[in-house]
Amino acid sequence: MTSQTLSRQDETLQVQNTDTRGLHVITWGCQMNVYDSARMTDVLRPLGYAPVDAPEAADMVILNTCHIRERAAEKVFSELGRLRKIGEERKAAGLGKTVIAVAGCVAQAEGEEILARAPYVDIVLGPQTYHRLPEMVARAARAGGAVIDTDFPVETKFDFLPNAAAPQTEGNLTAFLTIQEGCDKFCSFCVVPYTRGAETSRSVASVMAEAQRMAASGVREITLLGQNVNAYHGDDGEGGSATLAGLAENLALIPGLERIRYTTSHPRDVDQSLIDAHRDNAALMPFLHLPVQSGSDKILKAMNRGHTAQEYREVVRRLREARPDLALSSDFIVGHPGETEEDFEATMQLIRDIGFAQAFSFKYSPRPGTPAAGQPFQVDEAVKDERLQKLQALLREQQDAFNADMVGRTLPVLFTGRGRKPGQLSGRSPYLQPVHVEGPDELIGQIAQVAITQRLTNSLAGTLIRERACA
Ligand code: 5AD
Ligand code: SF4
Numbered sequence: 009m010t011s012q013t014l015s016r017q018d019e020t021l022q023v024q025n026t027d028t029r030g031l032h033v034i035t036w037g038c039q040m041n042v043y044d045s046a047r048m049t050d051v052l053r054p055l056g057y058a059p060v061d062a063p064e065a066a067d068m069v070i071l072n073t074c075h076i077r078e079r080a081a082e083k084v085f086s087e088l089g090r091l092r093k094i095g096e097e098r099k100a101a102g103l104g105k106t107v108i109a110v111a112g113c114v115a116q117a118e119g120e121e122i123l124a125r126a127p128y129v130d131i132v133l134g135p136q137t138y139h140r141l142p143e144m145v146a147r148a149a150r151a152g153g154a155v156i157d158t159d160f161p162v163e164t165k166f167d168f169l170p171n172a173a174a175p176q177t178e179g180n181l182t183a184f185l186t187i188q189e190g191c192d193k194f195c196s197f198c199v200v201p202y203t204r205g206a207e208t209s210r211s212v213a214s215v216m217a218e219a220q221r222m223a224a225s226g227v228r229e230i231t232l233l234g235q236n237v238n239a240y241h242g243d244d245g246e247g248g249s250a251t252l253a254g255l256a257e258n259l260a261l262i263p264g265l266e267r268i269r270y271t272t273s274h275p276r277d278v279d280q281s282l283i284d285a286h287r288d289n290a291a292l293m294p295f296l297h298l299p300v301q302s303g304s305d306k307i308l309k310a311m312n313r314g315h316t317a318q319e320y321r322e323v324v325r326r327l328r329e330a331r332p333d334l335a336l337s338s339d340f341i342v343g344h345p346g347e348t349e350e351d352f353e354a355t356m357q358l359i360r361d362i363g364f365a366q367a368f369s370f371k372y373s374p375r376p377g378t379p380a381a382g383q384p385f386q387v388d389e390a391v392k393d394e395r396l397q398k399l400q401a402l403l404r405e406q407q408d409a410f411n412a413d414m415v416g417r418t419l420p421v422l423f424t425g426r427g428r429k430p431g432q433l434s435g436r437s438p439y440l441q442p443v444h445v446e447g448p449d450e451l452i453g454q455i456a457q458v459a460i461t462q463r464l465t466n467s468l469a470g471t472l473i474r475e476r477a478c479a
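Laid out in structure tokens, this is it:
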């Protein structure tokens, strides 16, 4: 390394002049964290950091955390203890210092606490500041102390990130793309508005440019991400704002980009244009994650969801009218404060009425600082357990029935790689089910029709119908 006496502008340069160093990113939580981890890797690449598979081989480890689950902070501290030990062992072996950074929503919510309890951590950064990572790395190296940056900056990180490198999952054929962040809905139970901040949308131009790069690098399927993705209202470059439907229409024109998904949606923000898009835009996959949380109007009100159970049913009815093969996934919380047996039964009834292809369900657990945490009538743990079991049994039944119903159908499958057995290919259906067939490698990266013949435990098997499909 060169001189240690550096002015601010020199810092990045200094770090650029070093040899390649190992970077290990540990990602917990949602798909947006997966996206963020990839972007943090991009930001650090010009500084000589290259991804490595294990913390033992890393000069820098980033723990990208999630705050949505219970005891999130405790899990972070326990993982940090493990990383500290690995760092010490590396140092003892003469491998130099391991920089430890904590990113993501726990970092945002508990920044100071992290530094107090784990003073060996070098960098704490929130989800909105990771474009400043190079500066933070330089400052940490220079100061020899911890650097914390959990601002909600005026500038948007997307304007400062380098172009995305080859993304992301499944042989670079599928990718996540963040288009919206933050949330203004303030559901009673949720930390997101506090950790990810106010709702913001990226401009159409910025999203299109990233999607074009992804498609040019071989991506065939993009999942648009946002905490409230269908509240998207990005600058359309003509003095107005675009809707998600409008953005999806533009994205569908990109050569090579054949499938578009988006998550997570809020029922209140499903507008007519989005419903129409599910009828008119063939690239939009007929599988929608639309959390409802509860089927009881009283609990929906207490949750501050801003809609009734009937309004949810109505949105689903209109979506299915527009796209009859649309399947739904959802999130449920049992045992929100004030939930009675009758309220729980209303949730079970909503599930029976709608029929879900898949769902995530949770016992309510208080998050410090959220309104529900202080509400009276917290539900007994044993009651929550019992309700969760009943709810999950019903959802599992519906999921099994949905998958069983695929046998005998023909589905367009995007082939993403070789299967486990020789001569086998694996891919994903429009409903994100893994599908296996016998087939040639040339089909990887393409969509082909598959006659589904069998339902396996977590996947489907079928035979190729030998002509190329278009969607
Ligand atoms: N308790 C239980 N589940 C929660 N979720 C969010 N906050 C809580 C909480 N405090 C669930 C919601 C949300 C999903 C991502 O996590 O169902 O949609
Ligand atoms: Fe949290 Fe979603 Fe509610 Fe926003 S809409 S507060 S992200 S649960």
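When we follow my numbering, the leftmost residue of the sequence shown carries the number 9, and every step to the right adds one.
C-beta atoms are modelled at their ideal positions from N, C-alpha and C, and glycine is treated no differently.
By a C-beta neighbour count over all protein chains shown, 10 Å radius and 16 as the cutoff for buried, is residue 175 buried or exposed? To locate residue 175, count along the sequence shown from 1; it is residue 167. For residue 175, the predicted model reports a pLDDT of 48, less than 50, meaning its position is unreliable; a value from the coordinates is still stated below. Buried: at least 16 other Cβ atoms inside 10 Å.
How about residue 197: is its Cβ closer than 8 Å to a heavy atom in the ligand SF4? As a first step, residue 197 must be located in the sequence shown, where it is residue number 189. Yes, since a heavy atom of the ligand SF4 falls inside the 8 Å radius drawn around the Cβ of residue 197.
Pick out whichever of 395, 426 and 472 has its Cα sitting closest to the Cα of residue 302. Locating residue 302 in the sequence shown gives position 294, where the first residue counts as 1. Minimum Cα distance to residue 302 is reached at 395.
DSSP state of residue 293 mapped onto helix, strand, coil: As a position in the sequence shown, residue 293 is number 285, starting the count at 1. Coil at residue 293, not helix or strand.
Return helix, strand or coil for residue 404, following the three-state DSSP convention. The residue given as residue 404 occupies position 396 in the sequence shown. Note: residue 404 maps to helix in three-state DSSP.
For residue 473, which option in 453, 466, 464 and 446 has the closest C-alpha, if you only look at C-alpha atoms? Position 465 of the sequence shown, counted from the first residue, corresponds to residue 473. Here the closest residue by C-alpha is 446.
Would you kindly work out how many angstroms separate the C-alpha atoms of residue 461 and residue 266, rounded to a whole number? As a working note, residue 461 is residue 453 in the sequence shown. As a working note, residue 266 is residue 258 in the sequence shown. About 25 Å.
So residue 210 and residue 166 are in contact, right, with Cβ under 8 Å, and what is the actual spacing, rounded? By one-based count along the sequence shown, residue 210 stands at place 202. By one-based count along the sequence shown, residue 166 stands at place 158. Going by Cβ atoms, the distance from residue 210 to residue 166 rounds to 5 Å, so yes, they are a contact pair.
Between the stretch 196-204 and the stretch 62-76, do at least 3 Cβ pairs fall closer than 8 Å? yes
Just checking residue 235 against the ligand SF4 - is the residue's beta carbon closer than 8 Å to any of the ligand's heavy atoms? In the sequence shown, the residue the question calls residue 235 occupies position 227. Under cutoff, so the answer is yes.
Straight-line gap, residue 456 to residue 416 (C-alpha atoms, nearest Å): Taking the first residue of the sequence shown as 1, we reach residue 456 at position 448. Taking the first residue of the sequence shown as 1, we reach residue 416 at position 408. Going from the Cα of residue 456 to the Cα of residue 416 covers about 16 Å.
Would you list the one or two residues that DSSP bridges to residue 444? Counting from 1 along the sequence shown, the entry for residue 444 is found at position 436. Beta-bridge pairing links residue 444 to 434 and 469.
Residue 272: beta carbon under 8 Å from a heavy atom of the ligand SF4? By one-based count along the sequence shown, residue 272 stands at place 264. It does: the Cβ of residue 272 is within 8 Å (strictly closer) of some heavy atom of the ligand SF4.
Nearest-angstrom Cα distance between residue 453 and residue 291? Stepping through the sequence shown from its first residue, residue 453 is reached at position 445. Stepping through the sequence shown from its first residue, residue 291 is reached at position 283. One C-alpha to the other measures close to 16 Å.
Pick out whichever of 66, 270, 32 and 104 has its Cα sitting closest to the Cα of residue 183. Reading the sequence shown from its first residue, position 175 is the one you call residue 183. It is 270 whose Cα lies nearest to the Cα of residue 183.
Hey, could you find the ends of the beta strand (DSSP E) residue 59 is sitting in? For the purposes of this step, residue 59 is identified with residue 51 of the sequence shown, where counting begins at 1. First-last of the beta strand (DSSP E) with residue 59: 57-59.
Would you kindly report the start and end of the unbroken beta strand (DSSP E) that includes residue 157? On the sequence shown, residue 157 is found 149 positions in, with the first residue counted as 1. From DSSP, the beta strand (DSSP E) with residue 157 extends over 155-157.
Would you kindly report the start and end of the unbroken alpha helix (DSSP H) that includes residue 94? For the purposes of this step, residue 94 is taken as residue 86 along the sequence shown, with counting starting at 1. Segment 80-100, the alpha helix (DSSP H) holding residue 94.
Could you tell me which residues DSSP pairs with residue 128 in its beta bridges? Translated into the one-based positions of the sequence shown, residue 128 becomes position 120. None, per the DSSP bridge assignment.
Is residue 194 close to the ligand 5AD? I mean its beta-carbon at under 8 Å from any heavy atom of the ligand. In the sequence shown, the residue the question calls residue 194 occupies position 186. Checking every heavy atom of the ligand 5AD against the Cβ of residue 194, none is found closer than 8 Å.
Would you please state the rounded distance, in angstroms, between the beta carbons of residue 426 and residue 433? I believe it to be under 8 Å. In the sequence shown, counting from the first residue as 1, residue 426 sits at position 418. In the sequence shown, counting from the first residue as 1, residue 433 sits at position 425. Yes, residue 426 and residue 433 are in contact; Cβ-Cβ is about 6 Å, under 8 Å.
Beta-bridge pairing of residue 267 - partner residues as DSSP gives them: Residue numbering aside, residue 267 sits at position 259 when the sequence shown is read from its first letter. Paired residues: 229.
Exposure of residue 364, with buried meaning 16 or more beta-carbon neighbours within 10 Å: The residue given as residue 364 occupies position 356 in the sequence shown. Answer is buried; the Cβ neighbour count reaches 16.
In terms of residue numbering, what span does the alpha helix (DSSP H) encompassing residue 429 cover? Counted from its first residue, the sequence shown places residue 429 at position 421. Taken as a continuous stretch (DSSP letters only), residue 429 belongs to no alpha helix (DSSP H), as it is neither H nor E.
Have a look at residue 39 and residue 340 and give me their C-alpha separation to the nearest angstrom. Taking the sequence shown and counting its residues from 1, one reaches residue 39 at position 31. Taking the sequence shown and counting its residues from 1, one reaches residue 340 at position 332. When rounded, the distance between both Cα atoms is 18 Å.
Assuming residue 117 contacts residue 85 under a Cβ cut-off of 8 Å, what Cβ separation, rounded to an integer in Å, is found between them? Taking the first residue of the sequence shown as position 1, residue 117 is located at position 109. Taking the first residue of the sequence shown as position 1, residue 85 is located at position 77. The pair is not a contact, with the Cβ atoms about 13 Å apart (cut-off 8 Å).
N- and C-terminal bounds of the alpha helix (DSSP H) containing residue 223: On the sequence shown, position 215 is the one that residue 223 refers to. Unbroken alpha helix (DSSP H) run through residue 223: 212-224.
Taking the C-alpha atoms as reference points, what is the distance between residue 490 and residue 194? This structure does not reach residue 490, given that the chain is present from 9 up to 479, and the question cannot be answered.
Spatial neighbours of residue 330 within its chain, please: C-beta separation below 8 Å, excluding the five flanking residues on both sides. Translated into the one-based positions of the sequence shown, residue 330 becomes position 322. Answer for residue 330: 283, 284, 286 and 287, listed in chain order.
Alpha carbon to alpha carbon, how far is residue 400 from residue 515? Give it in angstroms, no decimals. There is simply no residue 515 to check, as the chain begins at 9 and stops at 479 in what is shown.
Could you tell me which residues DSSP puts in a beta bridge with residue 111? Residue mapping note: residue 111 aligns to position 103 of the sequence shown, counting from 1. DSSP, once it has assigned bridges, lists 72 as partnering residue 111.
For residue 277 and residue 449, the rounded distance between their alpha carbons: If you number the sequence shown from 1, residue 449 lands on position 441. If you number the sequence shown from 1, residue 277 lands on position 269. Cα-Cα distance, rounded: 41 Å.
Residue from 332, 275, 349 and 237 whose Cα sits closest to the Cα of residue 314: Locating residue 314 in the sequence shown gives position 306, counting from the first residue. Considering only alpha carbons, the answer is 275.
Quick check: does the Cβ of residue 380 come within less than 8 Å of any heavy atom belonging to the ligand 5AD? Residue mapping note: residue 380 aligns to position 372 of the sequence shown, counting from 1. Residue 380: yes, Cβ under 8 Å from the ligand 5AD.
Which of the three DSSP states is assigned to residue 281 in this structure? For the purposes of this step, residue 281 is taken as residue 273 along the sequence shown, with counting starting at 1. Helix at residue 281.
Who are the Cβ neighbours of residue 311 in its own chain at under 7 Å, not counting the five residues just before and after it? Working through the sequence shown from its first residue, we reach residue 311 at position 303. So the list reads 195, 196, 197, 301, 302 and 344, once near-sequence residues are dropped.
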